[in-house]
Structure formats: structure tokens, C-alpha cells
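K.L.:
Can you read through this structure? Questions will come right after.
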Amino acid sequence: MESSSSSSSSSSSSSHFLGGRRMLLVAMRVLVGLIFMGWLMMWILLPTKTYSKRWSPKIQAATVSSFLGTQGTQILIFSFPILFIAVLGSVYLHLMQKADVFSSRRSRLSHRLRAWKKPVVVKGPLGVLSAVELAFCLQFLALVVWALSVYITTGFSGITADDGEKLWEAKLMEAGLRLGIVGNICCAFLFFPIARASSLLPLAGLTSESSIKYHVWLGHLVLALFSAHGLCFIVAWAATGKISEMLRWQAADVSHVASELALLFGLFMWAATFPRIRRRMFEVFFYTHQLYAFFLLFYLLHVGIAFYCYILPGVYLFAVDRFLRFLQSRRRVQLVSAHLLPSEAVELNFAKSPSFSYSPTSVVFVNVPSILALQWHPFTVSSDADLEPEMLSVAIKKEGRWTAELYRQLSQPSLEGLQVSLEGPYGNPSVDFISYDSLVLVGGGSGITPFFSVIRNLIHRSRTQGSSRSIPSILLICSFKASADLAMLDLLLPISGDFSDVSGDLQIQIEAFVTRERAAPSSSSSSDAQRHIRTIWLKPKPSDLPMAQVLGPNGWLWLAAIIASSFVSFLLLISILNRYYIYPIDRNTDNIYSYTKKSLLNLLFMFVGITVAAGGAALWINKRAAEKEEKHGTRITDAPTPLTSPGSCIAAASEMEVESGPSEWLRQATGVHYGSRPDLKKMLERDGKSSTLVMASGPSSLRCHVAAICSSDLADNLHYKSISFTW
196 MESSSSSSSS
206 SSSSSHFLGG
216 RRMLLVAMRV
226 LVGLIFMGWL
236 MMWILLPTKT
246 YSKRWSPKIQ
256 AATVSSFLGT
266 QGTQILIFSF
276 PILFIAVLGS
286 VYLHLMQKAD
296 VFSSRRSRLS
306 HRLRAWKKPV
316 VVKGPLGVLS
326 AVELAFCLQF
336 LALVVWALSV
346 YITTGFSGIT
356 ADDGEKLWEA
366 KLMEAGLRLG
376 IVGNICCAFL
386 FFPIARASSL
396 LPLAGLTSES
406 SIKYHVWLGH
416 LVLALFSAHG
426 LCFIVAWAAT
436 GKISEMLRWQ
446 AADVSHVASE
456 LALLFGLFMW
466 AATFPRIRRR
476 MFEVFFYTHQ
486 LYAFFLLFYL
496 LHVGIAFYCY
506 ILPGVYLFAV
516 DRFLRFLQSR
526 RRVQLVSAHL
536 LPSEAVELNF
546 AKSPSFSYSP
556 TSVVFVNVPS
566 ILALQWHPFT
576 VSSDADLEPE
586 MLSVAIKKEG
596 RWTAELYRQL
606 SQPSLEGLQV
616 SLEGPYGNPS
626 VDFISYDSLV
636 LVGGGSGITP
646 FFSVIRNLIH
656 RSRTQGSSRS
666 IPSILLICSF
676 KASADLAMLD
686 LLLPISGDFS
696 DVSGDLQIQI
706 EAFVTRERAA
716 PSSSSSSDAQ
726 RHIRTIWLKP
736 KPSDLPMAQV
746 LGPNGWLWLA
756 AIIASSFVSF
766 LLLISILNRY
776 YIYPIDRNTD
786 NIYSYTKKSL
796 LNLLFMFVGI
806 TVAAGGAALW
816 INKRAAEKEE
826 KHGTRITDAP
836 TPLTSPGSCI
846 AAASEMEVES
856 GPSEWLRQAT
866 GVHYGSRPDL
876 KKMLERDGKS
886 STLVMASGPS
896 SLRCHVAAIC
906 SSDLADNLHY
916 KSISFTW
């Protein structure tokens, strides 16, 4: 009786605890939503006379002080809410990560939202758009049009020609001013999508990879508005004989020279983003895009720190994220081995701590200084954190100069080691493949690499969960140009390690299409060396370390602490600066003390706060990780000798007898078709499962074709998801 009563009391307390946590998480999410809606409402009201005539004087009277000065209003209304959401969101994601008490509720919610995620636009300059993306795009455009129309209408209503100035010249100057202000609104959103480890993206159900396109769209809009802003002023100055205004840099006013320099750097970046330059001359795109620092600096010097606080949240979160990435990139990661495939693809295997986790389809940025010291290239991970707890793998196909040089260096017989640095991984842990009845993975060429981690993750689940939860069936549809590329399929399973029982309850079917060959090549057409997978084991150096965590998915509380402490430090420093240095001189008039000096001092204090907070956290985390690593001995210190593994079980299936085990299981699940392309419409529509996730990875034409099929009214069971690096 006593044991049963104690058991019931413990289960009751556990349910109360879970119920309390559930209510806390709901309250946090509601609070985040309300704050964000209030922040958006302020942007909507900002152009109106109601705000400028009624609200603004009262708000400024309450917020402008001798400590924060005139920028106090913008900090309170436009900066603080987003940074508070970022901190609260990090705590929320930490609680969700510790105990997924919302799994069933999220599943029900995701089923209701899936209709909004279906593609509705599959062709056009913006690519594939879901219903929710289209809705948000239209709402944002409505905000831009609303702000521009209200600003221009209000501005034109007070214009009268005087001092010999023509009416059209005055209106042109006013239009230029309003275009710049609206460009500032767009700039306030510009940096949110590229803060890779920020809590804002997962809160919105986004990944860093999928958010890049929003940054691209906003970038085009920002530079178009700023270009029109600058052009209006230049034409007006030229028409009125005041072209010398272009050389003005006043101490206590906006700097025209700084605005021209900011626009010049922006135009350089803009010109290099067009597809022909970005894809054919990636180095030009990469290096010119580093000019963003000068663009932001001179933009700050142009408008002053008070106006800059409108866009401060995005810039601040990006600066925190960029500094954390810099700290992570300084770490030389231990490259354990490399698998060289007959198709000249390579899989790099890095050491990592077993506690370091990441989600399938996560993205990691790779830097090899011996190729190009400053270039970072994104690749999806091919490994699974649960199936391979001490290894992180990246599959790379030889397609450009950088990848060709990487393959050449790894192919050298005298190679003993290779210096590599990593950033990431970045991914969205909320994608739950188990909630679907089946998965259809469509990839072309190297586009199949994101699916390796998905399949390996489901292999792990099928082996560990058994029949406790149903594992979705998998249909992998892939296209290759040549039969040598079929060796890429061998990376569906880890080449190293003991994976004798890989199937579990997993049902997988692979349909591979070789488009440029009509039949399987004969054994005499290629040498054995070309069909074999070479495994190279690299000797570690004392400076090589396992993969280090990025503060985000592996440290949400640390990220919250860094953002909060650095911003509080920034506020304290500028409060001291204003109260005891600037205020005695300027008295909050903004007419005496230099805009440039004040802006640069604020910028310095912002970087001091971020550097101290993030640097201190990184040092503490690295110290604890080193102690744990030394205690458990997780580093790989002895490398086996190089070896050559058996030939590709897919490419050479007709020429060799494959032993039972993983290779046999993979060969039996694979059908190879020569001289044809997959009939995707037929293959997708014959899937009879009630809920099917269709993931497409590859060229834009492939993704658009798959999206068009999934958007059909007859494909209610198909749910589309795209993976792409062709921004």
C-alpha cells in the first residue's frame, strides 16, 4: 500500500511539474508574440501624424535623459523589445530542448499549418514561395508602400516654394529624404536572417540556410531605396547649384560625405550579388560582401547614433553572432579521415565531443587555409549525431576550383595532415520526420548530400526505437550524369564503424537515374582503382581539437547571458559617457557635440560589451570542455594506416559479389536506370500515404518542378520542403 501510494504521489508531482512547465512555455511564447506585434505596430504608426504630433513628444519627454540622451527613445521602443525577445527566446528554446513537453501539441499544430506551407508560387524571380511566405511578403510590401505614401504625402503637404527654389526641386529633396527613411525601415530587418545562431530564427521555425533568401530580397530593396535617396539629392543639388553639398561633413549634423561612401560600398556589394557574377566569380562576390562593415560604419556616421538605433537590434544580434563565429573559427578542428570516391567526391570526417549535438540537414561552413585563407564554403553534414556520436562528416563533390584543389591535396600520397576550421553546424531541430508516414527525397547530383544525415538519423531511430514509434518509409530519387557518380550512394551509410544491423524497421527504396549513359559500363572500361573508395587516415597534431559548440543549439542559456550582459554593459557605458562627458557640453540639443565622435564612441562601447561577454563565455566553455576531454580522453591520437576500401556496392554491383551486411542491404534497396530521367509527377502521385514529406535538393529547375507537383490540388498529402545553396 505504501509503495503504491508513493508511486501515485510521485507520478502526480511529475504531472504537476510538466503542467507547470507547459504553462510557463505557453506564457513565454504569448509574451514574445505580444512584444513582437507591439514592435511592428510602432513601425506602422511611425510615419503618421498621430505618432509625430501626439505620441512622440510625450515619449521623448519620458525617455530622453542626461544618461541615454536623445537616443533613449529609440533604444526603448525599437531596440530593447527585439533584444528582449532574443534573450527570452533563448531561454524558451533551452526549456524546450531539455524536455520536449510540446511534441504532441506541436504535431497537431504542424498538421494545421501544413496547408499554409504548400507552394503557391513555383516560378518567378523569387523562386518557390509557400502560402505563409507569400502572405508575409505581401504584408511587408504593404508596410513599405504605406510608410512611403504617408511620409511623402505628409512631407509634400508642407512644401512651399521660397528663396527662389522651384516647387519640383523642394519636392525632389523631400522625396529623397522620405526614400531614405523608408530604406531605413527595410534595413532594420536586413540582418535578422543572417544571424545564424540567433534564437529568432528557430522561434519562427526557420533555419539559417532557408532565411538567406529573405536577406537577399531585403538587400535588393534596401539598396534600391538608398540609391533612389542619394540620386534625388544629387539631382536636386545639381539643379540648384549646390553640388558642393556633396562634400559637406558637419560636426553636429548629418554627413553627406559619409552617406556617399556608405552608398558606394553598398553599390559595390550589390553589383557582385547578381547570379552571373556570384556563381562564376564567387571570390569577387565573397570579398566584396565583406564591405558590409564599411557600409554600416559610414551609414552610422551619416545618420548619427540616435537614428541608427532604429536598426540597432539586427546589427547588434548579427555582431554577437559574428563574434561567436569568429571565436569558433579560430579553433583548428581535428580531421580524422577522408573518403575519396571514384566520382572525385570526398567525405571529410571530423572528431567531435559525444555531447555535441546537431540536427539532420544542418549546415557547416568549411575553411581550408592551404586553399584560400579567407573563404568559407557551406556544406550539409552527412553524419548523424546519434548514430555517430564521436564524428561529424561532410560530403563534398568536386564541382569548382575550391573543391578541385581540396580533392587534389587529399589525393597526394605524402599527405599527413590538413588544417581545417569549421563554423556551425546550423540547423532547425524542430523538423520532425517521424510525424510523416513517408519521406520522398529528390536530389540531383551533389544535391543528394543533405539526405545522408536524414537517412542515417532514421536508421538510428529504427534501431533504437523499434516498434514503439512508426518510422516513415523512404523513397530516394536521385539523378546523376555518369555511373561513377553512383558511388555517392555509398555515403548513405557510414563507411567506418560497425553497422552490421542497419535496417531495423526502416523501409527504404532508392531509384537512381544515370542520364548520360545508356547501359552499365563493362568491367574493362574502368580500372579497379577507379571503382574503389580510398580511405585516408590523417595524423593529428597537438593543436587539433574536436569540434567545438557554437552558442545556440548547444548553449541557449549562454547565448541569452551574452546578449543580456553585453547589452546592459553597453547601456551602462554610454550612460556614463553621456552623463559625465557629452551632456555637460550638449545638454541634449544635438547641436554642439560632434555626431561623428559620439557615434564612434557608442560603436566602441558596443564592441567592448560584446567582446568581453562573448569572449569570457567562450573561454569558460572551452576550459570546461578541455577538462572534460582530458578526463574522458575523447581525442583520437593514433591514426590507422591509409587503406583502400572495397569497391562501390552500387556502381559495381553487377561485377562483384557483395557480402551480406550493410552493402548487401543497400544494394538490394537500389534500382539503377540508365539513359532516362525520373518521371517525378508519376512517382510522387502514386505515393498512397496520407502524409508525405517531399524534400527537394538540387538545381532551381528541379526544385521548381517538384514544388509544382506538390502544389497541385490532387496532392493534398504531399508537403514540400526545399534545400538549396543557390541563393
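Using the numbering used here, you'd call the opening residue of the sequence shown number 196 and step up by one each time.
Using N, Cα and C, we set each Cβ at its ideal position, and we do this for glycine too.
1) Does R782 pass the burial test, meaning 16 or more other C-beta atoms within 10 Å, or should it be called exposed?
2) What residue range is occupied by the uninterrupted alpha helix (DSSP H) comprising R443?
3) Pull up the CB-CB distance for Y503 and L495, whole angstroms please, since I reckon it's below 8 Å.
4) Which of the three DSSP states, helix, strand or coil, is assigned to S840?
5) Beta-carbon separation of S557 and T575 under 8 Å?
6) Among the residues of its own chain, which have a CB less than 6 Å from the CB of A755, if the five just before and after it don't count?
7) In whole angstroms, what separates the C-alpha of L336 from that of F387?
8) Would you identify the three-state DSSP class for A488, choosing helix, strand or coil?
9) If I'm right that I506 touches A383 with Cβ under 8 Å, what's the distance once you round it to whole angstroms?
10) At the level of alpha carbons, what is the spacing between G810 and C905?
11) If distances are taken between C-alpha atoms only, which option among E364, T483, V709, V411 comes closest to L426?
12) Could you check how far apart the C-beta atoms of V635 and I672 are, in whole angstroms? I think they sit under 8 Å.
13) Which value, in whole angstroms, describes the spacing of the CA atoms of Q704 and I654?
14) Where does T575 fall in DSSP's three states?
15) Roughly how far, in whole angstroms, is the beta-carbon of L601 from the beta-carbon of V541, given that I think they are within contact range, below 8 Å?
16) What did DSSP end up calling R729 once you bin it into helix, strand or coil?
17) Return the CA-CA distance between R525 and G640, expressed in angstroms with no decimal places.
18) Between A501 and H484, how many whole angstroms is the CB-CB distance? I'm expecting something under 8 Å.
19) Extract the residue ranges of the alpha helix (DSSP H) inside the region 320-382, only unbroken runs of 4 or more that lie entirely within it.
20) So L768 packs on G804, CB below 8 Å; how close in whole Å?
21) Could you pull the DSSP bridge partners for V558 from this structure?
22) Taking DSSP as the reference, what is the three-state secondary structure of T243?
23) Take the Cβ of L442 as the centre, count every other Cβ of all protein chains shown within 10 Å, and call the residue buried at 16 or more, exposed below.
24) Check this for me: beta carbons of V316 and V323, under 8 Å apart or not?
25) Grab the span of the beta strand (DSSP E) containing V541 for me, first residue to last.
26) Kindly list the residues whose CB is nearer than 8 Å to the CB of L605, restricted to its own chain and excluding five residues on each side of it in sequence; keep chain order.
27) Around the C-beta of S855, are 16 or more other C-beta atoms found within 10 angstroms, so that it is buried, or is it exposed?
28) Would you identify the three-state DSSP class for P779, choosing helix, strand or coil?
29) Just tell me which of L740, R711, L686, K916 has its CA closest to the CA of G870.
30) Please classify H868: is it buried, with 16 or more other beta-carbons within 10 angstroms of its beta-carbon, or exposed?
31) May I have the straight-line CA-CA distance separating W238 from V339, to the nearest angstrom?
32) Grab me the residues of R898's own chain with a C-beta within less than 7 Å of its C-beta, minus the 5 sequence neighbours each way, in chain order.
33) Should D911 be labelled buried (16 or more other beta-carbon atoms within 10 Å of its own) or exposed?
34) Are the CB atoms of S657 and I666 nearer to each other than 8 Å?
35) If you pair each beta-carbon of the region 764-780 with each one of the region 417-435, do three or more pairs fall below 8 Å?
36) How is G638 classed by DSSP in three states: helix, strand or coil?
P.N.:
A quick look at the data gives this:
1) Here residue 782 is taken as the residue at index 587 of the sequence shown, counted from 1. Its Cβ having fewer than 16 others within 10 Å, R782 is exposed.
2) Taking the sequence shown and counting its residues from 1, one reaches residue 443 at position 248. For R443, no alpha helix (DSSP H) run applies, since DSSP gives it neither H nor E.
3) As a first step, residue 503 is located in the sequence shown; it is residue number 308 there, counting from the start. As a first step, residue 495 is located in the sequence shown; it is residue number 300 there, counting from the start. About 5 Å separates the two Cβ atoms, so the contact holds.
4) As a position in the sequence shown, residue 840 is number 645, starting the count at 1. Note that S840 scores a pLDDT of 49, beneath 50, so its modelled location is shaky; the value from the coordinates is reported in the next line. S840 falls in the strand class under three-state DSSP.
5) In the sequence shown, the residue the question calls residue 557 occupies position 362. In the sequence shown, the residue the question calls residue 575 occupies position 380. Going by beta carbons, S557 and T575 fall inside the 8 Å limit.
6) As a working mapping, residue 755 is identified with position 560 in the sequence shown. These residues qualify, in order along the chain: V282, S285, V286.
7) Locating residue 336 in the sequence shown gives position 141, where the first residue counts as 1. Locating residue 387 in the sequence shown gives position 192, where the first residue counts as 1. L336 and F387: Cα-Cα distance of roughly 17 Å.
8) For this step, residue 488 is matched to residue 293 along the sequence shown. The answer is helix: DSSP assigns A488 an H, G or I state.
9) Indexing the sequence shown from 1 puts residue 506 at position 311. Indexing the sequence shown from 1 puts residue 383 at position 188. Correct: roughly 4 Å between the Cβ atoms.
10) Start at 1 with the first residue of the sequence shown, and residue 810 comes out as number 615. Start at 1 with the first residue of the sequence shown, and residue 905 comes out as number 710. Roughly 46 Å between the two C-alpha positions.
11) Position 231 of the sequence shown, counted from the start, is the residue given in the question as residue 426. Closest in C-alpha terms to L426, from the list E364, T483, V709, V411, comes E364.
12) Taking the first residue of the sequence shown as 1, we reach residue 635 at position 440. Taking the first residue of the sequence shown as 1, we reach residue 672 at position 477. Their Cβ separation, rounded to whole angstroms, is 7 Å, which keeps V635 and I672 in contact under 8 Å.
13) As a position in the sequence shown, residue 704 is number 509, starting the count at 1. As a position in the sequence shown, residue 654 is number 459, starting the count at 1. Between the alpha carbons of Q704 and I654 lies a gap of roughly 13 Å.
14) Residue 575 sits at position 380 when you count from the first residue of the sequence shown. T575 falls in the strand class under three-state DSSP.
15) For the purposes of this step, residue 601 is taken as residue 406 along the sequence shown, with counting starting at 1. For the purposes of this step, residue 541 is taken as residue 346 along the sequence shown, with counting starting at 1. Rounded to whole angstroms, the Cβ separation of L601 and V541 is 7 Å, and the two are in contact under 8 Å.
16) The sequence position of residue 729 within the sequence shown is 534, counting from 1. Reduced to three states, the DSSP call for R729 is strand.
17) One-based indexing of the sequence shown puts residue 525 at position 330. One-based indexing of the sequence shown puts residue 640 at position 445. So the alpha carbons of these two residues sit roughly 32 Å apart.
18) Position 306 of the sequence shown holds residue 501. Position 289 of the sequence shown holds residue 484. About 28 Å separates the two Cβ atoms, so there is no contact after all.
19) Contiguous alpha helix (DSSP H) elements confined to the region 320-382 occur at 326-352, taking only those with 4 or more residues.
20) If you number the sequence shown from 1, residue 768 lands on position 573. If you number the sequence shown from 1, residue 804 lands on position 609. Correct: roughly 7 Å between the Cβ atoms.
21) Indexing the sequence shown from 1 puts residue 558 at position 363. Answer by DSSP bridge pairing, in chain order: T575, Y621.
22) As a first step, residue 243 is located in the sequence shown; it is residue number 48 there, counting from the start. The DSSP-derived three-state label of T243 is coil.
23) The residue you call residue 442 lines up with position 247 of the sequence shown. By the 10 Å Cβ count, L442 comes out exposed.
24) For this step, residue 316 is matched to residue 121 along the sequence shown. For this step, residue 323 is matched to residue 128 along the sequence shown. V316 places its beta carbon less than 8 Å from that of V323.
25) Numbered from its first residue, the sequence shown carries residue 541 at position 346. Unbroken beta strand (DSSP E) run through V541: 540-546.
26) Residue numbering aside, residue 605 sits at position 410 when the sequence shown is read from its first letter. Excluding residues within five positions, the ones whose Cβ falls inside 8 Å are A533, L535, V541, L613, I731.
27) Against the sequence shown, residue 855 aligns to sequence position 660. Bear in mind that the predicted position of S855 carries a pLDDT of just 44, short of 50, making it too unreliable to give a figure here.
28) As a position in the sequence shown, residue 779 is number 584, starting the count at 1. Under the three-state reduction of DSSP, P779 is assigned to helix.
29) Taking the first residue of the sequence shown as 1, we reach residue 870 at position 675. Per the Cα distances, R711.
30) Residue 868 sits at position 673 when you count from the first residue of the sequence shown. H868 should be labelled exposed.
31) Taking the sequence shown and counting its residues from 1, the one referred to as residue 238 is at position 43. Taking the sequence shown and counting its residues from 1, the one referred to as residue 339 is at position 144. Cα-Cα distance, rounded: 10 Å.
32) Mapped onto the sequence shown, residue 898 falls at position 703. By the criterion of a C-beta distance shorter than 7 Å, R898 is surrounded in its chain by V323, A891, S917, S919, once the five residues flanking it on both sides are discounted.
33) Counted from its first residue, the sequence shown places residue 911 at position 716. Exposed, by the Cβ-count rule.
34) On the sequence shown, position 462 is the one that residue 657 refers to. On the sequence shown, position 471 is the one that residue 666 refers to. For S657 and I666, yes; Cβs fall inside 8 Å.
35) Segments in contact, no.
36) Residue numbering aside, residue 638 sits at position 443 when the sequence shown is read from its first letter. For G638, the three-state secondary structure derived from DSSP is strand.
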